[in-house]
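Here's the structure we're looking at; comments come further down.
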Ligand SMILES: Cc1cc2nc3c(=O)[nH]c(=O)nc-3n(C[C@H](O)[C@H](O)[C@H](O)COP(=O)(O)OP(=O)(O)OC[C@H]3O[C@@H](n4cnc5c(N)ncnc54)[C@H](O)[C@@H]3O)c2cc1C
């Protein structure tokens, strides 16, 4: 009798899930499990929870959706709360499991859990098998060892495009033999995970009313590519900041594995065959290769991606650790409209565009000189698409301690604002106090005369803050 526990982690899907499929094919009985790890919801040293309410809610919805899908397949999803290395170990013994299958993670906290669990399972002769499920390219298909991973993205991309193939997706399981008498357990409520938390309301100003789960992920894939027909213009729209369709928004589902990157790839290829193949269709895949790259970078550099000196091991830059300034950045009250609008969007919805992320990260690290790891930690807490490798990898990059081939990359926030929000509609969307300020002046409100402030209904220091840095440097 072969009984396999399939431990779902950041692969909350039935489609293209090699490990889960193999478990269903190889076992006489399969017990799918998800375990909420209390450490993921603990308070950080910066005073906020490692997982904030938007992300927690999205996770709950994703697990709930997976449970629904498995129930539709006459199985179930066992849900537990506790340290997975303890919960899974006890469960394996109690249920007489012969093996635990799961997906493979790459960063320290996750691999530590894997190591602790394996060690315990060995003593009971329970197998532990892991499957790679998170990237477009399988690591075994890369044309180099991780130690030799190119330090420049373009070199990596060209090499994989030349020499590697994206593997086809795996089929869905046809039959899951779930044993009788296994108590599936109750889904936790949000305040079981984060004390006193309530289900966050969906802000109608947000880009999309995001809902977690594979079902929503596949709906969005269909809507963005086929119904809204947006893929053919992706390259021209991807730097915008307002609306549902300027970019795919796939990241929120990719991050928890509700959506497989190979599934996205196959859909792009089908679109290219059936509708159009152009720079835009290529560019979405190009961006997915960035995502892969950060995962492999995390494998190569280990815990360095989380540390202030970064991948580069920059021991020269002196970082500021100023809590009140950091709080102004978090709250979107820096007096720099583009930064504030983006930070308020993040705080009120759990999402921010890529253009926004680059600007606010650069502002924190390069203009305020604040320890960039604080910013990355805030993003980790807030972003519903938080992905450990993409987040910390991008922050390394923008803060100038990563593997950016361009030395001293710097975002002139005023230039960025006038280029990507020329009519000011984005900042006015999130900063209604600036509604009356003409587009030409809205990105440099700090230069308004007292008379103009009164005329436009935006008094500096009362309706909207004075900038916390010398913002005139950008105007020179
Ligand atoms: C400071 C900073 C932090 C970030 N943190 C995260 C994070 O925690 N999780 C996350 O998924 N992305 C992160 N990104 C990357 C990027 O901003 C988001 O992937 C993107 O905004 C998601 O929106 P989308 O799905 O509409 O993207 P699209 O433009 O539609 O791109 C398609 C997909 O490509 C991938 N992608 C696009 N850009 C990048 C990139 N720069 N790096 C890695 N993958 C990319 C994503 O999976 C995305 O879903 C971060 C970027 C910055 C600058």
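Numbering (my numbering), first residue to last: 35 to 510. Where a beta carbon is used, it is the ideal one built from N, C-alpha and C, also for glycine. All values reported here derive from a predicted model rather than from experimental measurement.
Mapping DSSP to helix, strand and coil, what is residue i?
{"i": "residue 292", "result": "coil"}
{"i": "residue 39", "result": "strand"}
{"i": "residue 149", "result": "helix"}
{"i": "residue 113", "result": "strand"}
{"i": "residue 213", "result": "coil"}
{"i": "residue 321", "result": "helix"}
{"i": "residue 83", "result": "strand"}
{"i": "residue 103", "result": "helix"}
{"i": "residue 161", "result": "strand"}
{"i": "residue 184", "result": "coil"}
{"i": "residue 248", "result": "helix"}
{"i": "residue 64", "result": "strand"}
{"i": "residue 259", "result": "helix"}
{"i": "residue 503", "result": "coil"}
{"i": "residue 483", "result": "coil"}
{"i": "residue 58", "result": "helix"}
{"i": "residue 176", "result": "coil"}
{"i": "residue 77", "result": "strand"}
{"i": "residue 137", "result": "strand"}
{"i": "residue 413", "result": "helix"}
{"i": "residue 327", "result": "helix"}
{"i": "residue 276", "result": "coil"}
{"i": "residue 431", "result": "helix"}
{"i": "residue 70", "result": "strand"}
{"i": "residue 316", "result": "helix"}
{"i": "residue 305", "result": "helix"}
{"i": "residue 242", "result": "coil"}
{"i": "residue 228", "result": "coil"}
{"i": "residue 354", "result": "strand"}
Cα separation between residue i and residue j?
{"i": "residue 394", "j": "residue 135", "result": "40 Å"}
{"i": "residue 374", "j": "residue 425", "result": "20 Å"}
{"i": "residue 508", "j": "residue 371", "result": "13 Å"}
{"i": "residue 74", "j": "residue 85", "result": "6 Å"}
{"i": "residue 52", "j": "residue 97", "result": "18 Å"}
{"i": "residue 500", "j": "residue 494", "result": "6 Å"}
{"i": "residue 384", "j": "residue 92", "result": "10 Å"}
{"i": "residue 377", "j": "residue 291", "result": "26 Å"}
{"i": "residue 281", "j": "residue 431", "result": "21 Å"}
{"i": "residue 50", "j": "residue 331", "result": "24 Å"}
{"i": "residue 188", "j": "residue 437", "result": "11 Å"}
{"i": "residue 163", "j": "residue 133", "result": "8 Å"}
{"i": "residue 66", "j": "residue 327", "result": "30 Å"}
{"i": "residue 207", "j": "residue 54", "result": "8 Å"}
{"i": "residue 254", "j": "residue 350", "result": "45 Å"}
{"i": "residue 486", "j": "residue 445", "result": "28 Å"}
{"i": "residue 147", "j": "residue 90", "result": "20 Å"}
{"i": "residue 43", "j": "residue 81", "result": "26 Å"}
{"i": "residue 428", "j": "residue 324", "result": "10 Å"}
{"i": "residue 527", "j": "residue 270", "result": "For the chain, the structure presents residues 35 to 510; residue 527 sits outside this window and is missing."}
{"i": "residue 63", "j": "residue 287", "result": "29 Å"}
{"i": "residue 130", "j": "residue 333", "result": "34 Å"}
Looking only at C-alpha atoms, which of the options sits nearest to residue i?
{"i": "residue 197", "options": "447, 173, 157, 491", "result": "173"}
{"i": "residue 240", "options": "418, 216, 203, 443", "result": "418"}
{"i": "residue 180", "options": "270, 291, 101, 336", "result": "336"}
{"i": "residue 168", "options": "472, 386, 47", "result": "47"}
{"i": "residue 380", "options": "364, 368, 369", "result": "364"}
{"i": "residue 37", "options": "50, 54, 43, 61", "result": "61"}
{"i": "residue 386", "options": "59, 476, 115, 272", "result": "272"}
{"i": "residue 219", "options": "69, 204, 285", "result": "69"}
{"i": "residue 139", "options": "479, 421, 505", "result": "421"}
{"i": "residue 517", "options": "276, 367, 505, 283", "result": "Any answer about residue 517 is impossible in this case: the structure gives the chain only from 35 up to 510."}
{"i": "residue 257", "options": "283, 496, 234, 236", "result": "283"}
{"i": "residue 315", "options": "266, 122, 403", "result": "266"}
{"i": "residue 317", "options": "358, 264, 435", "result": "264"}
Assign residue i to buried or exposed, taking buried as 16 or more other Cβ atoms, counted over all protein chains shown, within 10 Å of its Cβ.
{"i": "residue 513", "result": "Past the edges of the chain, shown from 35 to 510, lies residue 513, and the structure says nothing about it."}
{"i": "residue 211", "result": "exposed"}
{"i": "residue 118", "result": "buried"}
{"i": "residue 128", "result": "exposed"}
{"i": "residue 194", "result": "buried"}
{"i": "residue 79", "result": "exposed"}
{"i": "residue 352", "result": "exposed"}
{"i": "residue 397", "result": "buried"}
{"i": "residue 108", "result": "exposed"}
{"i": "residue 481", "result": "exposed"}
{"i": "residue 459", "result": "exposed"}
{"i": "residue 355", "result": "exposed"}
Closer than 7 Å: is that where the CB of residue i sits relative to any heavy atom of ligand 2?
{"i": "residue 181", "result": "Ligands in the displayed structure: ligand 1; ligand 2 is not one of them."}
Checklist entry - Which residues have a Cβ closer than 6 Å to any heavy atom of ligand 1, listed in chain order? => result 272, 281, 282, 283, 284, 285, 288, 289, 318, 321, 322, 324, 325, 328, 387, 388, 391, 392, 395, 413, 417, 419, 420, 421, 424, 425, 428, 429, 432
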